[in-house]
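Colleague: My questions will all concern the structure given below.
Protein chains: 2
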Amino acid sequence: MRPISKEEYDLKCATRQLLELMSEKWVPGLIYTLSLGPQRPGALTRRLEGISKKMLTQTLRNLEDWGVVHRTVFEVVPPHVEYALTPLGEKMVEPIALIHGWAQENRENIAMVFTQRLASKQSAKP
Amino acid sequence: MRPISKEEYDLKCATRQLLELMSEKWVPGLIYTLSLGPQRPGALTRRLEGISKKMLTQTLRNLEDWGVVHRTVFEVVPPHVEYALTPLGEKMVEPIALIHGWAQENRENIAMVFTQRLASKQSAKP
DNA sequence: CTCCATGGTTACCTCAAGGTGCCTAGTTGA
DNA sequence: TCAACTAGGCACCTTGAGGTAACCATGGAG
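This is the structure in C-alpha cells:
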C-alpha cells in the first residue's frame, strides 16, 4: 500500500479537481439545463430558483475557464448573451447523468441519511 | 423550461447530496483505498499523507452514516478496528471510477485550467 | 421624466469545511 | 518510570464558498 502523497492528492489529482467543480452548488443544475440547449442568463436565473446574479456569473465564468461552457455575445441593445455547452461540456453530461442514476437508485438510502442528519442537527441546538 | 425550485435543488436532490459527499476532501481517497480491501485506521492514515486524525474519524463516521462504510471493532488490547466498504459502498466505486476515467481522458485540459488559476492567484497577491 | 429589463461588477457578511493541538486509556518495551 | 503505540474526543482557529445589496450603462414603454 504505497502512500498517496499530499501533493499528489491535493494538486495533481484531476479526479478531485473535477469532483470539486461538479459539486459547486450550481454546477450540476447549470450543466443539466444547458444540456437542453443554449440559454440566456435571464432564462437560467428564472430556471434555477434562488440563484443570485453573482453566483450565476461566477459559476458560468468558472465553467468557461474549464472550457466546458461557451459564452456568445450578440452586440445589440439591449444586451443579448447566450451560454452553451462546448463539446468538452457535452462529455461531462454523461458522468453527471451516471451520478444522477446512482443517486436515483439509492434515493431511499440518501433520503434516510439526510433526514437523520437534519433531525440530529435540530435536536442539537434548541 | 420549468423552474427548479429552491427546495427541490437544495434539499431533495439526491444527486447534489451525493456529489457533496463525494467531493469531501478525503472521501475519494478513502473509498478508493477501501476498495482495495478492509483497512485499519493506522494504515489509512499512513496511506493518505496529510490527513489528520480528526478528519479521518470524521470522514469515516460520515461514510458510516451513509451506509457506505462499515466499522468493525475487535475487543482486544491494544484496540483493533477495521473499516470496510459495505455493498452500497462497493456500488459507489464504479461512479467514482467513471469520474476518474473522465478526468484522466481530459487531464490535459484540467491541468491547463489548474495552472492558469494558480498563476492568476499568485499574481493577484504580491 | 420615470420605471423596468437587459447583463454585469463590487463591497461586505456569514457559516461551515478543514486543520492544529492537547486530552483519554490500556499495554508493551527500554 | 518513562515513552510509544493503539483509536479517538474536544476546543479552537482560519479560510473560502456562497449569499445580500447596491451600483453601472442603455433603451423602450408609460
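Protein chains in written order, with the UniProt record's numbering: chain S, 1 to 126; chain L, 1 to 126.
Glycine included, C-beta positions come from ideal geometry on N, C-alpha and C.
#1: Judging by CA-CA distance, which residue of L/M112, L/P78 and L/P41 is the nearest neighbour of L/R71?
#2: Mind checking the segment 4–22 of chain S against chain L and listing, in chain order, the residues whose C-beta falls within less than 7 Å of any C-beta there?
#3: Using 10 angstroms around the beta-carbon of S/M1, count the other beta-carbons present and answer buried if the total reaches 16, otherwise exposed.
#4: Does the segment 78–85 of chain L come close enough to the segment 24–40 of chain S that 3 or more CB-CB pairs lie under 8 Å?
#5: Provide the residue span of the alpha helix (DSSP H) that contains S/L20, from first to last.
#6: So is L/G101 buried or exposed if we call it buried at 16+ other beta carbons inside 10 Å?
#7: Flag L/V93 as yes if its beta-carbon sits less than 8 Å from any beta-carbon of chain S, otherwise no.
#8: For S/H80 and chain L, any beta-carbon pair shorter than 8 Å?
#9: May I ask you to check if the CB of L/H70 is nearer than 7 Å to at least one heavy atom of the ligand ATP?
#10: Closer than 9 Å by beta-carbon distance: list the chain S residues that pair up with L/L98, in chain order.
#11: Which term fits L/G37, buried or exposed, when burial requires 16 or more other beta carbons within 10 angstroms of its beta carbon?
#12: Taking only beta-carbon positions, decide if S/M1 is within less than 8 Å of chain L.
#13: Taking DSSP as the reference, what is the three-state secondary structure of S/I51?
#14: Looking only at DSSP bridge pairs, what is L/E82 linked to?
#15: Residues of chain L with CB under 8 Å from S/L48, in chain order?
#16: What residues match up with L/I4 in a beta bridge as DSSP calls it?
#17: Once you ignore the five residues that flank S/Q17 on each side, which residues in its own chain have a CB closer than 7 Å to its CB?
#18: With a threshold of 8 Å between beta-carbons, can S/G42 be considered close to chain L, or not?
#19: Measuring straight from C-alpha to C-alpha, what distance separates S/K54 and S/V27?
#20: Grab me the residues of S/I96's own chain with a C-beta within less than 8 Å of its C-beta, minus the 5 sequence neighbours each way, in chain order.
#21: Step through the CB atoms of chain S and report whether any lies within less than 8 Å of the CB of L/Q58.
#22: How close, in whole Å, do the beta carbons of S/L60 and S/V69 come, if the pair is a contact with beta carbons under 8 Å?
Modeller: In this structure, then:
#1: Here residue 71 of chain L corresponds to residue number 71 of the second sequence, with the count starting at 1. Residue L/P41 holds the alpha-carbon nearest to the alpha-carbon of L/R71 among L/M112, L/P78 and L/P41.
#2: Against chain L - using a Cβ distance shorter than 7 Å - the residues of the segment 4–22 of chain S are I4, S5, K6, Y9, A14, T15, R16, Q17, L18, L19, E20 and M22.
#3: Along the first sequence, read from residue 1 onward, the residue named residue 1 of chain S stands at position 1. Classification for S/M1: exposed.
#4: The segment 24–40 of chain S, when compared against the segment 78–85 of chain L, does not touch it at the 8 Å Cβ threshold.
#5: Taking the first residue of the first sequence as position 1, residue 20 of chain S is located at position 20. The question names Leu, but residue 20 of chain S in the sequence shown is Glu. Taken as a continuous stretch (DSSP letters only), the alpha helix (DSSP H) holding S/E20 covers A14 to M22.
#6: As a first step, residue 101 of chain L is located in the second sequence; it is residue number 101 there, counting from the start. In this structure L/G101 is exposed. Its beta-carbon is surrounded by fewer than 16 other beta-carbon atoms within 10 angstroms.
#7: Translated into the one-based positions of the second sequence, residue 93 of chain L becomes position 93. Answer no: the Cβ-Cβ gap between L/V93 and chain S never drops below 8 Å.
#8: Here residue 80 of chain S refers to the residue found at position 80 when the first sequence is read from its first residue. Interface criterion not met: the Cβ of S/H80 is under 8 Å from no Cβ in chain L.
#9: For the structure depicted, the ligand ATP is absent and the ligand set is empty, with no information on it obtainable.
#10: Your numbering for residue 98 of chain L matches position 98 in the second sequence. Listed by position along chain S, the residues whose Cβ is nearer than 9 Å to that of L/L98 are E94, P95, L98 and I99.
#11: As a working note, residue 37 of chain L is residue 37 in the second sequence. Looking at its Cβ environment, which holds fewer than 16 other Cβ atoms inside 10 Å, L/G37 is exposed.
#12: Mapped onto the first sequence, residue 1 of chain S falls at position 1. Taking Cβ atoms only, chain L reaches closer than 8 Å to S/M1, which makes this a yes.
#13: Counting from one through the first sequence, the residue named residue 51 of chain S turns up at place 51. The answer is coil: DSSP assigns S/I51 none of H, G, I, E or B.
#14: Within the second sequence, the letter at position 82 stands for residue 82 of chain L. Under DSSP, L/E82 shares a beta bridge with L/T72.
#15: Start at 1 with the first residue of the first sequence, and residue 48 of chain S comes out as number 48. Ordered by position in chain L, the residues that pass the 8 Å Cβ test against S/L48 are P3, I4 and Y9.
#16: In the second sequence, residue 4 of chain L corresponds to position 4, counting from 1. According to DSSP, L/I4 bridges with S/L48.
#17: Sequence index remark: in the first sequence, residue 17 of chain S carries index 17 (1-based). Nothing meets the Cβ criterion.
#18: Here residue 42 of chain S refers to the residue found at position 42 of the first sequence. By this cut-off, S/G42 is not an interface position.
#19: One-based indexing of the first sequence puts residue 54 of chain S at position 54. One-based indexing of the first sequence puts residue 27 of chain S at position 27. If I take the Cα positions, the gap works out to 14 Å.
#20: In the first sequence, the residue the question calls residue 96 of chain S occupies position 96. Excluding residues within five positions, the ones whose Cβ falls inside 8 Å are M22, P28, I31 and Y32.
#21: Here residue 58 of chain L is taken as the residue at index 58 of the second sequence, counted from 1. No, no contact with chain S.
#22: Mapped onto the first sequence, residue 60 of chain S falls at position 60. Mapped onto the first sequence, residue 69 of chain S falls at position 69. So it is a contact: roughly 6 Å between Cβ atoms.
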